[in-house]
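In our numbering, the protein residues as written are -4 to 134.
Next comes the structure, spelled out in structure tokens:
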């Protein structure tokens, strides 16, 4: 079997972010643990250090600054350093029993921002529909 090559990776959880109604990303999940008082002081300090490093080394996309409904994906081609530096945050999520997933894709959606390390993708409003009737029932 050939190796799978994907362009983008995102670390996300199960719960939805209130601003995007899409799965929360790694930073939102950690901030939530910190703000709701779940993290011990040493762990909160560690996360603040991680967040400060990313603030200094990863551009902050304009759509994020403007609080637009976007989600960010790391580019796999340049993600090695970013993923190395995010590992302690993943350790924190694991320590506090907060599930997360690494999601890979080649088509994250409509890209509205791009830099060397990441893309920001516009999120679409979720559309709720009635579930289909089971195949063996009459309407």
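Heads up, the beta-carbon is just placed ideally off N, CA and C, and yes, glycines get one too.
Using the DSSP secondary-structure output, state which residues sit across from residue 166 in a beta bridge.
-> Residue 166 cannot be examined here, being either before or after the span of the chain that is shown, -4 to 134.
Might you give, ordered along the chain, the residues of its own chain that have their beta carbon closer than 7 Å to the beta carbon of residue 48, omitting 5 neighbours on each side?
-> In the chain shown, residue 48 corresponds to position 53, counting from 1. Closer than 7 Å at the Cβ level, and outside the excluded window around residue 48, lie 80.
Cβ-Cβ separation, residue 25 to residue 1 (assumed contact under 8 Å), whole Å | Looking up residue 1 in the chain shown gives position 6. Looking up residue 25 in the chain shown gives position 30. Residue 1 to residue 25, Cβ: 24 Å. No contact.
For residue 21 and residue 74, believed in contact at Cβ under 8 Å, the rounded distance = Counting from one through the chain shown, the residue named residue 74 turns up at place 79. Counting from one through the chain shown, the residue named residue 21 turns up at place 26. That pair is no contact at about 13 Å.
Proximal residues to residue 11 (C-beta, below 8 Å), its chain only, five neighbours per side dropped | Translated into the one-based positions of the chain shown, residue 11 becomes position 16. Result list for residue 11: 17, 18, 19, in chain order.
Does the beta-carbon distance from residue 115 to residue 56 come in below 8 Å?
-> Counting from 1 along the chain shown, the entry for residue 115 is found at position 120. Counting from 1 along the chain shown, the entry for residue 56 is found at position 61. Taking 8 Å as the Cβ cut-off, residue 115 and residue 56 qualify as a contacting pair.
Mind checking residue 30: buried by the 16 CB within 10 Å criterion, or exposed?
-> Numbered from its first residue, the chain shown carries residue 30 at position 35. The residue is exposed, with fewer than 16 neighbouring Cβ atoms inside 10 Å.
Could you give the distance in angstroms between the alpha-carbon of residue 102 and the alpha-carbon of residue 32?
-> Working through the chain shown from its first residue, we reach residue 102 at position 107. Working through the chain shown from its first residue, we reach residue 32 at position 37. Whole-angstrom Cα-Cα distance: 36 Å.
Does the ligand MG have even one heavy atom less than 7 Å from the beta-carbon of residue 100?
-> The model on display carries no ligand, and the ligand MG is accordingly not part of it.
Give the straight-line distance between the Cα atoms of residue 100 and residue 62, rounded to the nearest whole angstrom.
-> In the chain shown, residue 100 corresponds to position 105, counting from 1. In the chain shown, residue 62 corresponds to position 67, counting from 1. Spanning the two alpha carbons is a distance of roughly 24 Å.
Environment of residue 86 [buried if 16+ CB atoms lie within 10 Å] = Residue 86 sits at position 91 when you count from the first residue of the chain shown. Counting C-beta atoms within 10 angstroms of its own C-beta, residue 86 has fewer than 16 neighbours from the protein chains shown and is therefore classed as exposed.
Could you check which residue in 105, 117, 51, 39 has the C-alpha nearest to that of residue 88?
-> Translated into the one-based positions of the chain shown, residue 88 becomes position 93. Per the Cα distances, 39.
Endpoints, the alpha helix (DSSP H) within which residue 60 is located = Position 65 of the chain shown, counting from 1, holds the residue named residue 60. If you look at residue 60, you'll find it in the alpha helix (DSSP H) that goes 57 to 60.
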